[in-house]
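Heads up, this note's numbering is the position in the sequence shown plus 89, with the first residue counted as 1.
Glycine included, each C-beta is placed from N, C-alpha and C at the ideal position.
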Amino acid sequence: MTGILDEALRRLHVTGPEHDGWLSNHGPMAAEALVHHGRADQVHRWLDGYERRLVEVPRGIAPIAADEWREPLGDPVRTGDWLAFFDRALRAEPWSDVLALWWPRLLPGIAAGATHGVIRVGHAVRALREQETEDRVAELGQGLAYWAARWQPLAPAGRGPYRSSDPRAALDAVPRVPDQRSGIRSRLAQLADLPGWPAAAGAVPGPAGTTAGDRLVGIVTAAVRLHTTHGYGNPVLLVHAATAPLAVLRTLPSLPAALHEPSLAAAWAATAAVTAAYAPPVARAFTPGAPDAPAVLEQATESGDAHAIKFADAAIEMWHREPDPLLLASSRHATELILDE
């Protein structure tokens with residue numbers, strides 16, 4: 090059944106990374122999540138409905154030279170050029186080498202495409218680690234290209250020491266942007282003038298002495314739990330508080346050790362930024378119940394919503410690491426909130 094993912098990627102690689110303005114193409118990410126969780130038989134049916142909204146792959150303007158990448162970084166008009174650039178790069182070098190070169194270049198712009206650049210790369214890397222195929226290598230290139238084209242740095246974080254604190258408590262302490270009525274670019278722009286932002290974003294929470302991977306697990310788990318009480322504010326966008334650091338966690342084993350700590354810091358900053366932008370200041374009561382993983386994934390799949398599928402993917406992965414029923418209940422609740430929007 091793993092060949093279905095490659096078939097799905099071939100279908101999707103003739104479409105662009107965005108549609109309807111700058112909405113991200115979630116097809117490759119959702120397809121990979123479904124296959125990973127044993128739902129390959131539902132991928133093409135899901136794509137039949139989803140791909141109607143997609144557009145053709147954008148054309149390039151001028152080739153990007155290997156030593157002239159800085160100027161077009163973050164320029165969405167050059168999306169077609171970035172797609173061609175990474176297609177060439179991945180045909181010439183092993184995918185792990187290309188990833189190791191470009192990850193530190195792209196990491197400061199982790200907010201790219203509302204964090205969908207790094208999320209798409211994370212799904213591609215997980216697929217490649219399971220099986221290396223031409224289509225999966227091409228998908229990594231598409232993810233890197235999208236990240237480069239939409240590259241967007243966050244407001245600078247402080248440089249304080251890592252906190253020996255609970256990640257969920259740290260998320261609750263993240264200050265909220267004053268105007269939560271506008272789009273993500275406007276919300277993220279408010280971080281620069283938000284009191285307490287540098288301190289909150291610069292101090293990564295987690296138990297003292299733990300690895301970058303362990304701290305990322307704690308951050309993702311906390312963000313999944315946060316959705317139960319704060320997802321009502323914006324159930325779709327708050328999903329990324331969990332899926333962005335999870336993408337970094339999935340990529341970490343394929344990166345040089347020297348990149349682990351910077352990756353952790355950027356992932357926490359992304360989670361804090363999404364929380365600041367989309368988590369309302371007041372929590373709502375939540376009654377968890379006791380769903381099981383297959384039911385949670387089935388509910389998300391039947392919803393047809395890509396964010397529901399990706400959040401279920403994140404919740405189930407964290408639940409396998411820590412079998413807390415609240416994690417699965419969070420996915421169920423998120424799907425219900427997304428459907429009610």
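Is residue i buried or exposed, if buried means 16 or more other CB atoms sit within 10 Å of its CB?
i    : result
P324 : buried
S271 : exposed
G247 : exposed
A372 : exposed
E145 : exposed
W345 : Here residue 345 is Pro; the residue named in the question, Trp, does not match the sequence. When all chains shown are included, P345 counts as exposed.
P152 : exposed
R180 : exposed
H133 : exposed
L348 : buried
G110 : exposed
P183 : exposed
D268 : exposed
R410 : exposed
E157 : exposed
T376 : exposed
L338 : buried
In the DSSP output, which residue or residues are listed as bridge partners for residue i?
i    : result
S113 : E107
I427 : Looking at the DSSP assignment, I427 forms no beta bridge with any residue, so it has no partner.
I199 : Q241
Please state the DSSP three-state secondary structure of residue i.
i    : result
Q231 : helix
R241 : According to the sequence displayed, residue 241 carries Gln and not Arg. Three-state DSSP puts Q241 in a strand.
D95  : helix
S420 : helix
D394 : coil
E221 : coil
L388 : The question names Leu, but residue 388 in the sequence shown is Gln. In this structure, Q388 counts as helix in the three-state DSSP scheme.
E370 : This sequence places Pro at residue 370; Glu is not what is there. Three-state DSSP puts P370 in coil, outside helix and strand.
G247 : coil
F400 : helix
H212 : helix
D261 : helix
T364 : helix
P267 : coil
G206 : helix
A382 : helix
H409 : helix
P377 : coil
Using 8 Å as the threshold, is the segment 386-400 in touch with the segment 274-292, meaning 3 or more CB pairs across them? no
Counting only runs that start and end within the segment 123-188, where is the alpha helix (DSSP H) found for 4 or more residues in a row? 132-139, 168-181
Would you check if the segment 213-226 and the segment 375-382 touch, i.e. whether three or more CB-CB distances between them fall below 8 Å? no
Segments assigned alpha helix (DSSP H), at least 4 residues, entirely inside the segment 308-359: 329-340
Should the segment 298-314 be regarded as contacting the segment 398-416, the criterion being three or more beta carbon pairs within less than 8 Å? yes
Counting Cβ pairs, one atom from each stretch, are 3 or more of them under 8 Å apart for the segment 134-153 and the segment 100-118? yes
In the segment 273-314, which residue ranges form an unbroken alpha helix (DSSP H) of at least 4 residues, counting only runs that do not cross its ends? 273-278, 286-291
Counting pairs of Cβ atoms below 8 Å between the segment 293-306 and the segment 236-243, do you hit three or more? no
Looking at C-beta atoms only, is the number of pairs between the segment 167-179 and the segment 195-212 that lie closer than 8 Å three or more? no
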